[in-house]
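These notes concern the structure reproduced below.
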Amino acid sequence: MSKTSVDEQTAAPAANESSTLIERWDRDFSQTKTDGITYDYIIVGSGSADAVLANRLSEQNDKRALLIEAGGSDTKDEIHMPEACLQRSEIDWQYMTTPQLYSHFGCVNQQSSWPRGKVLGGCSSINFIQYVRGDPHDYDNWQLSQ
0 MSKTSVDEQT AAPAANESST LIERWDRDFS QTKTDGITYD YIIVGSGSAD
50 AVLANRLSEQ NDKRALLIEA GGSDTKDEIH MPEACLQRSE IDWQYMTTPQ
100 LYSHFGCVNQ QSSWPRGKVL GGCSSINFIQ YVRGDPHDYD NWQLSQ
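See the structure below:
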């Protein structure tokens, strides 16, 4: 993969080419020229798995991959804080669940928010960033009967 910054890789082709062949794209990605360029793979969204997938696909010298992200880079200080302060912000798609019949009784209209990241890194950039260890009893109950 080229030695471009993460910001440049957001809209630039994830192609394994020398830096002299890669066209440097403007930071205003809405004006990016793509006429005549074709890709073998187009990955929509740059969540944790998507970015890894784009990188792996770019390792194929005979193929071109494009990674598209609706949001920008994750440069906000709040993204790196261990809390959900970016939910319901401009980098959250702000989805709501459909009204639930048998749950969500404490929520307005029996709906809850469904945060989805619109930023480089996707949902992993706006989650609670918590590490929660599962209870061994729960895992033991998953064991297949012998």
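Counting from 0, one number per residue, gives the positions in the sequence shown under numbering that gives the first Met the number 0.
Quick reminder that beta carbons are idealized off the backbone N, C-alpha and C, glycines included.
All of these numbers come straight from a predicted model, not from anything done at the bench.
Cα separation between G105 and N60?
54 angstroms
Where DSSP assigns a beta bridge to G46, which residues make up the other side?
G120
Nearest-angstrom Cα distance between G120 and G46?
4 angstroms
If you run the structure through DSSP and keep just helix, strand and coil, what is Y94?
strand
Proximal residues to Y38 (C-beta, below 8 angstroms), its chain only, five neighbours per side dropped
Closer than 8 angstroms at Cβ, skipping near neighbours: P12, R63, A64, L65.
Between G44 and the rest of its own chain, which residues show a CB-CB distance below 7 angstroms, the 5 nearest in sequence each way excluded?
E68, G121
With 16 other Cβ atoms within 10 Å as the buried cut-off, status of S124:
It counts as buried.
Rounded C-alpha distance that separates H136 from L143:
14 angstroms
Given S111, which residues of its chain have a CB within under 6 angstroms of its CB, disregarding the five upstream and five downstream residues?
T96, H103
With I36 and L52 assumed to form a contact (beta carbons below 8 angstroms), what rounded beta-carbon distance in angstroms separates them?
Rounded, the Cβ-Cβ distance is 20 angstroms, inconsistent with contact.
Nonlocal neighbours in the same chain, by C-beta distance under 7 angstroms from R87, ignoring five residues either side
Q93, S112
Closest by C-alpha distance to L56, when choosing among V118, D34, Y40, G70
Y40
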